[in-house]
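Accompanying notes for the structure given below.
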Amino acid sequence: MKIFLVSVPLEFPLANYCLAAQLAATPATADCEIEIVNLDVSRLNEYTRKNSEIWRFVALLEAARPDVVAFSVYLWSHLSIQELIAVTALLYPDTAIVVGGPELATTEACEPFLSGGRVTAAVRGEGELTMVQIVERLRAGESLAGVAGCSWRNGSEVMHEPARPPVRDLSQLASPYLTGWVPDDLFDRLSPYSKGTFPRAFVETYRGCYMQCSYCQWGNGTKLRFEFPQDRVRAELSWLLSRNVRRLWIVDAMFGYKKQVAKNLLRHIRDEKRRHGAQTSIVCYHNQDFYDAELFDLYREADVSVEVDLQSTDKEVLTRVGRAKWYIESFDRHLTAFAEQRVPTTGAADLIIGLPGDRLSSFSESVDFLLRRGMNVNLYQTSMIPDTPMIRSAADDGIVHSAIAPRAVYRNATFPVHEMVAARLIGHGVDFFRRYPRTARLLWTQGFARPVDLCQRVGELVWQRQGLMYGESHTNDAVLAGEQDLVAGFLDELCPLPWLAPVVRDLFRLEAAAAKLAMPPLYAPPYPVLTGAPGGLEGADDWVAAKPRFRQEAVEQVRLEHRIDKILRAWTRPDDVPPEELWRDVEREPVVALVYLSAPGVSSFRAVDEAVTHPLLLRFSGYFSIAECLDNFARGWRNHDLSPLREKISNLAREGIVDPGLPTPAVAGAALSARS
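Numbering follows my numbering, with no gaps: position 417 of the sequence shown is 588.
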């Protein structure tokens, strides 16, 4: 039997790889031919490009002629997969079509898929064991009656079998990493120009959640949690770290089945990073019930970044959505401890727009609360997800939402539409703080009572000038990254002090270059991380005989009118704005800032003079010596003291902006003889 497992993923579709591993590991289905098909979500969601992606899918179907096509469905892929199902059923009516995923969590959610007669079966809840049974029955030509967790079509009738309880013994489930289903090159690696299919990997250490947040499906309707075997989890982590993947997200609802388990996993990550020399960026959601100094130390030792989420600062709102136990006192307590023990954090927290009981004023206070603490705000619109308490109480909460995925909430009893629109426009300002943090903080402290007031004004200007609404979430919204000219055009309107406006423009240009490094053009390789020569030019007896190369491909060059680089060197924390007198006294002198990545996701810069050093750098191609470049640029250089220039170039070589191209002793001697 041939099986296609199809997804339209925003990120790594862990579920389909788990299904493939389980089917292959089960004796009754081990001989099935399984192919994982990941389609391009951006193409399928764009009218002018989706046809090519549908034809790619059809070509794969035609070549393989699978017996079963299974689709994993979530909010972002729901509509695309409906179309793919229709195409599959029309072209290959004898092919069994199975659907599953969070969008199929209830019998009510399954009905629209099954009632049209195109879908054979739907999987409700966890899929591994149910999918194995469905494939066994289909292969044998048997009815699906009695398959727990399955809804299916019996002629003209839709049948719903009893729910399947969550899998308690997770050792029954095969690991997609350890069984070879995840290719080595699937994820971005920490190596120059590495570009995998997905930017980050995911690992589960347990399933379920004892919190019962009303908007969330994670708890599977219970407060129970079930732990994966620790040997498996450690082996998966080792597999990923040995490959030095760029990013890894531990996708537990809250990291660590128990506190001691969390500590043991962090020790393993620490030791494996050291063993493999891995620099993988790892993120997890911290469990606020775990306030423990040793745990915090282990986060730091393992270099695992934590995130503590909030959703709202309003206690009434938190109570209504089931998060009252974690109010802002808990949030602040943990952030303070993280700062004291130097725990790495993502520097961000989630807020949700449109929760029951919330309103524009309380939402604005939540945004303000985080921005004042120097944090980035991850904004999400409330979406109605099947099998959650919120969707069941929608009428009582006055919720009006779209019937079409992602079923966004447009108003509720306390949050009218006009306030919802205003809240979304605040998202542009939140994005402004994220992408240009120092520019935003300087403008806020000089001209606005609150940071959220600046956010509101940015949103108003973007709407007035371009009619652009904030996007679906912080991860997908690129308005302020892609429209830097638009932002530059209204900076003066945000700055109330005429003397400060030119300085703000310089600061923005510098941060805009850094933002560009973080978001390279579509389909272009990411900017490389620069690693320099530790000795610079110090080891060269005749440094002018070196043939350096200026790494322009890895650097953004920004012309500045003021020496703001001197202020920024001391401005290490974005939330600690230098005093006004420093900005008033900043030296007016043109320089060129060379902006580059000094670590993954970390931008740095070096300012060089516009008169000599920068023009000289532009001549460094790796083919000509420094002496030849100087001859081309400035006659009579031999009569001047070049030690300051040597030091500048040496510093640039230490940072990797310049490949030093140091000569061998023989070449250096020949160069000296030639000049003498």
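Don't be surprised by glycine CBs; every beta carbon is placed ideally from N, CA and C.
The ligand MN heavy atom lying under 7 Å from the CB of residue i
i    : result
R494 : Among the ligands in the structure shown, none appear at all, so the ligand MN cannot be discussed.
Which listed residue (the options) has its alpha carbon closest to that of residue i
i    : options                   : result
V674 : E279, R722, L753 and D656 : L753
V353 : D202, G320, R595 and V208 : V208
Y882 : A406, L665 and F776       : Because the chain is modelled from 172 through 847, residue 882 falls outside the range shown and cannot be assessed.
C280 : Q193, H331 and S413       : According to the sequence provided, residue 280 is Ala. The question's Cys does not apply to it. When only C-alpha atoms are compared, the closest one is H331.
I453 : Q401, V514 and R491       : V514
L411 : Q383, E443 and V762       : E443
R227 : S248, T259, E299 and A319 : T259
W420 : R403, T376 and S532       : T376
D474 : V571, Q512, G351 and R494 : Q512
R606 : A652, A741, P622 and V623 : A652
V338 : L395, M382, N216 and D356 : L395
G782 : C800, V762, S774 and V773 : The sequence shown places Ala at residue 782, not Gly. A782 has its Cα closest to that of V762, out of C800, V762, S774 and V773.
D355 : V404, P745, N415 and W389 : N415
T490 : E224, K429, S385 and I268 : S385
E664 : G707, A684 and V633       : V633
P895 : T266, A686 and A230       : The chain is shown only over 172 to 847; residue 895 falls outside these bounds and no answer can be derived.
T451 : A372, D460 and C387       : A372
A574 : E590, P557, T350 and H589 : P557
A195 : G642, K173, M690 and S413 : K173
V290 : A311, A684 and I268       : I268
CB contact check: residue i to chain C, cutoff 8 Å
i    : result
L411 : The displayed structure is made up of one protein chain only, and chain C is not part of it.
Sequence-distant residues of its chain with Cβ nearer than 6 Å to residue i (five each side left out)
i    : result
I562 : M555
L541 : A520 and V548
V306 : T200
W615 : P622 and L625
I738 : P749 and L753
T197 : V303
I570 : V580 and N583
7 Å CB neighbourhood of residue i in its chain, flanking five on each side removed
i    : result
G832 : A717, K718, P719, R720 and G793
F426 : A433, C455, Y456, H457 and N458
P184 : S178, N209 and S243
A764 : L681, V729, L731, D736, F776 and A778
D852 : Because residue 852 is not part of the residues shown, which for the chain are 172 to 847, the question remains open.
G367 : D356, L357, F358, D359 and R360
D568 : P527, N583 and A584
Y428 : T376, Y377, R396 and E398
A594 : I524, L531 and F534
Residues that residue i bridges to, as DSSP identifies them
i    : result
N128 : The structure shown has nothing for residue 128, since the chain only spans 172 to 847.
L550 : L522
M330 : W323
Q482 : L522
G271 : S243
A292 : V269 and W323
I205 : I174
L419 : A372 and I453
A424 : Answer is none; A424 lacks a bridge partner.
H572 : V580
E398 : Y377
S792 : R720
F502 : Answer is none; F502 lacks a bridge partner.
R360 : V416
T516 : V477
D830 : R720
Other residues of its chain near residue i: CB distance less than 8 Å, five sequence neighbours each side excluded
i    : result
P370 : E182, F358, D359, R417 and R418
Y694 : Confidence at Y694 is low in this model, with a pLDDT of 49, below 50, so its placement is unreliable and the value that follows should be read with caution. Answer for Y694: no residue qualifies.
G518 : G545, M546 and N547
E342 : Per the sequence shown, the amino acid found at residue 342 is Ser instead of Glu. Answer for S342: F399, P400 and R403, listed in chain order.
A565 : M555 and H572
W808 : L801 and D802
Review point. At which residue ranges does the segment 670–754 contain complete beta strand (DSSP E) runs of 3 or more residues, listed in the order of the chain?
Key: Listed in chain order, the beta strand (DSSP E) elements of length 3 or more contained wholly in the segment 670–754 are 727–733.
Check your understanding: If you pair each beta-carbon of the segment 459–468 with each one of the segment 347–366, do three or more pairs fall below 8 Å?
Key -> No: fewer than three Cβ pairs fall under 8 Å.
Check your understanding: On the three-pair Cβ rule with 8 Å, is the segment 238–249 touching the segment 271–284?
Key -> Three or more Cβ pairs closer than 8 Å define a contact, and the segment 238–249 meets that threshold against the segment 271–284.
**Study point:** the segment 533–553 in contact with the segment 576–584 per 3-pair CB rule at 8 Å
**Key:** Result yes; three or more Cβ-Cβ pairs closer than 8 Å.
Review point. Counting Cβ pairs, one atom from each stretch, are 3 or more of them under 8 Å apart for the segment 621–628 and the segment 669–686?
Key: Contact between the segment 621–628 and the segment 669–686 is absent, because fewer than three Cβ pairs lie under 8 Å.
Review point. Whole alpha helix (DSSP H) runs in the segment 797–823 with 4 or more residues, listed along the chain?
Key: Along the segment 797–823, the alpha helix (DSSP H) occurs as fully enclosed runs of 4 or more residues at 797–804, listed in sequence order.
Review point. Are at least three pairs of beta-carbons, each pair with one atom in the segment 806–816 and one in the segment 765–772, less than 8 Å apart?
Key: No: fewer than three Cβ pairs fall under 8 Å.
Exercise for review: Let me know the beta strand (DSSP E) ranges lying completely inside the segment 756–781, each 3 residues or longer, listed in chain order.
Suggested key: Within the segment 756–781, complete beta strand (DSSP E) segments of at least 3 residues are found at 759–770 and 773–780, given in chain order.
Practice item. Counting only runs of 3+ residues fully inside the segment 584–640, write out the beta strand (DSSP E) ranges in chain order. Key: Taken in chain order, the segment 584–640 contains no complete beta strand (DSSP E) segment of 3 residues or longer.
Exercise for review: Could you tell me which uninterrupted beta strand (DSSP E) segments, each at least 3 residues in length, are contained entirely in the segment 440–475, listed from first to last along the chain?
Suggested key: The segment 440–475 contains these whole beta strand (DSSP E) runs: 452–456.
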